[in-house]
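Here is the structure we will look at, set down as structure tokens.
Number of protein chains: 2
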Amino acid sequence: MTDYPGVAVTVDLVVLTVREDRLQALTVRRGEEPYVGRWALPGGFLRPEEDLPAAAGRELAEETGVSAGQVHLEQLGSYGAPDRDPRMRTVTVAYIALAADLPVPVAGTDAADARWQPVADLVDRPAEDPGSLAFDHAAILRDGVERARAKLEYTPLATAFCGREFTVGELRHVYEVVWDRPLDPRNFHRKVTGTTGFLEATGGTTARDGGRPARLYRAGAATSLHPPLLRAPV
Amino acid sequence: MTDYPGVAVTVDLVVLTVREDRLQALTVRRGEEPYVGRWALPGGFLRPEEDLPAAAGRELAEETGVSAGQVHLEQLGSYGAPDRDPRMRTVTVAYIALAADLPVPVAGTDAADARWQPVADLVDRPAEDPGSLAFDHAAILRDGVERARAKLEYTPLATAFCGREFTVGELRHVYEVVWDRPLDPRNFHRKVTGTTGFLEATGGTTARDGGRPARLYRAGAATSLHPPLLRAPV
DNA sequence: CTAATAGTGTCTATCAGACAGTATACC
DNA sequence: GGTATACTGTCTGATAGACACTATTAG
């Protein structure tokens, strides 16, 4: 009972952002076997004295240069099929990170290259496609995207995709891109400004999108939305 | 990079049921160090050739005698603080199981005893209390209970707490116990019978609760509820 | 001026909560 | 009969979606 074989535990990240009107995920090109040259989710081994959230934050900082305080980071789930890594028995704990548009990613230690890629281009490729993600990362990405879509319904997390200050129009754009459906600007405005704790006006305005200047907001104190902002059922 | 120290991976279960008008969790008394004699969540080591869901199903069958097909089993999350087990570095993948009232639990291999205990009695004890759960299991249980409460809002999972056939009144009782708040019987009835895919009438009736006989239902085909059944905000 | 986006108001169908009233069992 | 639960119906206030209208900028 005390001598069970050890398992290698890794932490992988689904880092999502809204760039160029599309939901995109951070990918790194693998520099070693297995799957050398293929794209993969950023991640790495859990260190001996490190808690799981700390490992996720460290990997995120290594790959993107941002500290964990600037993004929303939460555990997604664990994946441990016995054959998921041909080298050894591994269990990976996946996290999702929701970030505002970040600077071009920096190449991490193991990664020959790092790049944002639209999730739509990654999710549905067959495993033989050299553009598909290594290991079981396509399934992890699918789960992470679905989690993000669901969380926008009942939490104010869409603000994590925006900068520190943003307009209602920018927030709506996040919803439209993540959910991949248009929303009525008037009704959206009424709903989000009418939900207490969602938005906090800064007093400033901006006209960066053209048209009449829009009020600027910060994320409010609420951690959940009552009532939720539901996606219309098909 | 390929020689990271192994970690012991365990699977722990938050098995929930509604018994005697209270939400209860399955606990086992530890038969070995550490925390010998203390109550803990059922669980055990991940076996070398076993996937995570398979390990959770196996542990559930060992502790309760029920097969995984009879209960709802889903991953809750992973816990890996470096000091969570004094013997060695462990990461546990927690699952929640929602079950109808089960036969009295059978003692598992490692467990000197097994017992249902109301979650309210387990969740808020200080760590020094000998009745409190071992390891970080109180925190895992808290997370599992909150997950179950939330899932009742937007999925038909409350049916997992009922037998194969049940009445609307029994289903409402599940909601009232899990959410710990009374619900209006008339409005509840209208809502659940009006949500397509939630319930499927069997044609039979029963008078096991006294009063006018109630129609019997099975769980329907829906996997999510549109619109959700929201808990009133306080 | 036009075009664009921001923000407010209004209408309507629907829905949640409150609760009256009827149905059918057991005692 | 009384009491329990099951079920249906009705009312009212709130809300979601549709969309008209005004406000304020750029060009």
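Chains A and B supply the protein sequences, listed in that same order.
Once you know that position 175 of the first sequence is 175 in full-length UniProt numbering, the rest is easy, because the numbers rise by one and skip nothing.
Once you know that position 138 of the second sequence is 138 in full-length UniProt numbering, the rest is easy, because the numbers rise by one and skip nothing.
Think of the CB as a built atom: it goes at the ideal place given N, C-alpha and C, for glycine as much as any other residue.
This one's a predicted model, so the numbers in the text were calculated from it and none came from an experiment.
For the stretch 91 to 102 of chain B, which residues have a CB atom closer than 9 Å to at least one CB atom of chain A, in sequence order?
-> Taking 9 Å as the Cβ-Cβ cut-off against chain A, the residues of the stretch 91 to 102 of chain B that qualify are Val91 and Val93.
Should Pro130 of chain A be labelled buried (16 or more other beta-carbon atoms within 10 Å of its own) or exposed?
-> On the first sequence, residue 130 of chain A is found 130 positions in, with the first residue counted as 1. By the neighbour-count rule (16 or more Cβ atoms within 10 Å), Pro130 of chain A is not buried but exposed.
Do you know how far the Cα of His137 of chain B is from the Cα of Arg172 of chain B?
-> On the second sequence, position 172 is the one that residue 172 of chain B refers to. On the second sequence, position 137 is the one that residue 137 of chain B refers to. Approximately 29 Å, taken between the alpha carbons.
Tell me whether the beta-carbon of Val93 of chain B lies closer than 7 Å to the beta-carbon of Val11 of chain B.
-> By one-based count along the second sequence, residue 93 of chain B stands at place 93. By one-based count along the second sequence, residue 11 of chain B stands at place 11. Yes, they are a contact pair.
Short-range partners of chain B found in the stretch 49 to 61 of chain A, where Cβ spacing is below 8 Å = Of all residues in the stretch 49 to 61 of chain A, Glu49, Glu50, Asp51 and Leu52 have a Cβ within less than 8 Å of some Cβ in chain B.
Under a three-way DSSP split, which group does Met1 of chain A fall into?
-> On the first sequence, position 1 is the one that residue 1 of chain A refers to. Unreliable placement is indicated for Met1 of chain A, whose pLDDT of 45 sits below 50; the coordinate value is still reported in the next sentence. In this structure, Met1 of chain A counts as coil in the three-state DSSP scheme.
Nearest neighbour of Val28 of chain A, chosen from A:Tyr35, A:Leu41 and A:Asp21 [CA to CA] = Looking up residue 28 of chain A in the first sequence gives position 28. Looking at the Cα atoms, A:Leu41 is the closest of the given residues.
By Cβ distance below 8 Å, which residues in the same chain neighbour Ala127 of chain B in space, the five residues on each side in sequence not counted?
-> In the second sequence, the residue the question calls residue 127 of chain B occupies position 127. Taken in chain order, the residues that qualify are Ala138.
What in chain A is Cβ-close to residue 294 of chain B, meaning under 7 Å?
-> No statement about residue 294 of chain B is possible, as the shown extent of chain B runs from 1 to 234 and does not include it.
Using a threshold of 7 Å, state whether the C-beta atoms of Tyr154 of chain B and Leu102 of chain B are closer than that.
-> The residue given as residue 154 of chain B occupies position 154 in the second sequence. The residue given as residue 102 of chain B occupies position 102 in the second sequence. With respect to the 7 Å criterion, Tyr154 of chain B and Leu102 of chain B are not classified as neighbours on the basis of their beta carbons.
Looking at the unbroken beta strand (DSSP E) that takes in Ala25 of chain A, where does it start and where does it end?
-> If you number the first sequence from 1, residue 25 of chain A lands on position 25. Its beta strand (DSSP E) spans residues Arg22 to Arg30.
Sort B:His189, B:Met88 and B:Ala100 by Cα distance to Ala214 of chain B and report the nearest one.
-> In the second sequence, residue 214 of chain B corresponds to position 214, counting from 1. Of the listed residues, the one whose Cα sits closest to Ala214 of chain B is B:His189.
Three-state secondary structure (DSSP) of Arg58 of chain A = The residue given as residue 58 of chain A occupies position 58 in the first sequence. If DSSP states are grouped into helix, strand and coil, Arg58 of chain A belongs with the helices.
Okay, do the stretch 48 to 65 of chain B and the stretch 15 to 33 of chain A touch, 3+ Cβ pairs below 8 Å being the bar?
-> no
Same chain, Cβ closer than 8 Å to Leu46 of chain B, neighbours up to 5 away in sequence not counted = Translated into the one-based positions of the second sequence, residue 46 of chain B becomes position 46. Here the set comprises Val9, Thr10, Val11, Leu52, Ala55 and Val93.
Endpoints, beta strand (DSSP E) assigned at Val14 of chain B | The count along the second sequence starts at 1 and reaches residue 14 of chain B at position 14. Start and end: Ala8 to Arg19.
For chain B, find out if any of its Cβ atoms is closer than 7 Å to the Cβ of Pro118 of chain A; answer yes or no.
-> For the purposes of this step, residue 118 of chain A is identified with residue 118 of the first sequence, where counting begins at 1. By this cut-off, Pro118 of chain A is not an interface position.
Taking the runs of the alpha helix (DSSP H) that are 4 residues or longer, which of them lie wholly in the stretch 161 to 193 of chain B?
-> Within the stretch 161 to 193 of chain B, complete alpha helix (DSSP H) segments of at least 4 residues are found at 168 to 179, given in chain order.
What's the call for Asp85 of chain B, buried or exposed, on a 16-neighbour Cβ count within 10 Å?
-> Within the second sequence, the letter at position 85 stands for residue 85 of chain B. The residue is buried, with at least 16 neighbouring Cβ atoms inside 10 Å.
At least one CB of chain A closer than 7 Å to the CB of Ala81 of chain B: is that the case?
-> For the purposes of this step, residue 81 of chain B is taken as residue 81 along the second sequence, with counting starting at 1. Yes, its Cβ sits closer than 7 Å to a Cβ of chain A.
Of all Cβ atoms in chain A, is any one closer than 7 Å to the Cβ of Ser224 of chain B?
-> Along the second sequence, read from residue 1 onward, the residue named residue 224 of chain B stands at position 224. No, Ser224 of chain B does not count as interfacial toward chain A.
With DSSP collapsed to three states, give me the class of Thr64 of chain B.
-> Counting from one through the second sequence, the residue named residue 64 of chain B turns up at place 64. Look at Thr64 of chain B here: in three-state DSSP terms it is helix.
So with Cβ pairs under 7 Å, would you call Gln75 of chain A a contact of chain B?
-> The sequence position of residue 75 of chain A within the first sequence is 75, counting from 1. For Gln75 of chain A, the answer is yes, since a Cβ of chain B falls inside 7 Å of its Cβ.
Ala222 of chain A beta carbon less than 7 Å from that of Gly197 of chain A = Locating residue 197 of chain A in the first sequence gives position 197, counting from the first residue. Locating residue 222 of chain A in the first sequence gives position 222, counting from the first residue. Closer than 7 Å, so yes.
So which of B:Thr195, B:Leu216 and B:Gly210 has the shortest CA-CA distance to Gly203 of chain B?
-> Position 203 of the second sequence, counting from 1, holds the residue named residue 203 of chain B. Nearest of B:Thr195, B:Leu216 and B:Gly210 to Gly203 of chain B, Cα basis: B:Leu216.
Tell whether a beta-carbon distance below 7 Å holds between Cys162 of chain A and Ala207 of chain A.
-> As a working note, residue 162 of chain A is residue 162 in the first sequence. As a working note, residue 207 of chain A is residue 207 in the first sequence. Not closer than 7 Å, so no.
Within 7 Å (strictly less), CB to CB, does Gly6 of chain A reach chain B?
-> Along the first sequence, one-based indexing puts residue 6 of chain A at 6. Yes, Gly6 of chain A lies at the interface with chain B (some Cβ there is under 7 Å from its Cβ).
Which bits of chain B does Val192 of chain A rub up against, with CB to CB less than 8 Å?
-> The count along the first sequence starts at 1 and reaches residue 192 of chain A at position 192. Within chain B, no residue comes near Val192 of chain A; the closest Cβ sits about 17 Å away, beyond 8 Å.
Return no unless some Cβ of chain B is closer than 7 Å to the Cβ of Val36 of chain A.
-> Here residue 36 of chain A refers to the residue found at position 36 when the first sequence is read from its first residue. Output row for Val36 of chain A: interface = no.
Could you check if Val36 of chain B is buried or exposed, using at least 16 other CB atoms within 10 Å of its CB as the buried criterion?
-> Translated into positions along the second sequence, residue 36 of chain B becomes position 36. Exposed is the call here.
Is Pro40 of chain B helix, strand or coil by DSSP?
-> One-based indexing of the second sequence puts residue 40 of chain B at position 40. The question names Pro, yet the displayed sequence has Ala at residue 40 of chain B. In the structure shown, Ala40 of chain B sits in a strand (DSSP, three-state: E or B).
For Tyr175 of chain B and Thr159 of chain B, the rounded distance between their alpha carbons = Counted from its first residue, the second sequence places residue 159 of chain B at position 159. Counted from its first residue, the second sequence places residue 175 of chain B at position 175. Approximately 10 Å between the Cα atoms of the pair.
Mind checking which residues open and close the alpha helix (DSSP H) that includes Glu153 of chain B?
-> Taking the second sequence and counting its residues from 1, the one referred to as residue 153 of chain B is at position 153. His137 to Tyr154 is the extent of the alpha helix (DSSP H) around Glu153 of chain B.
Between the Cα of Gly80 of chain B and the Cα atoms of B:Leu73, B:Asp209, B:Pro156 and B:Arg89, which residue gives the shortest distance?
-> Position 80 of the second sequence, counting from 1, holds the residue named residue 80 of chain B. Ranking the options by Cα distance to Gly80 of chain B, first place goes to B:Arg89.
Reference Gly194 of chain B, options B:Asp21, B:Arg149, B:Arg19 and B:Leu229, closest by Cα | In the second sequence, residue 194 of chain B corresponds to position 194, counting from 1. Residue B:Leu229 is the option with its Cα nearest to Gly194 of chain B.
Does the Cβ-Cβ distance between Arg19 of chain A and Arg30 of chain A come in under 7 Å?
-> Sequence index remark: in the first sequence, residue 19 of chain A carries index 19 (1-based). Sequence index remark: in the first sequence, residue 30 of chain A carries index 30 (1-based). Cβ atoms of Arg19 of chain A and Arg30 of chain A: not closer than 7 Å.
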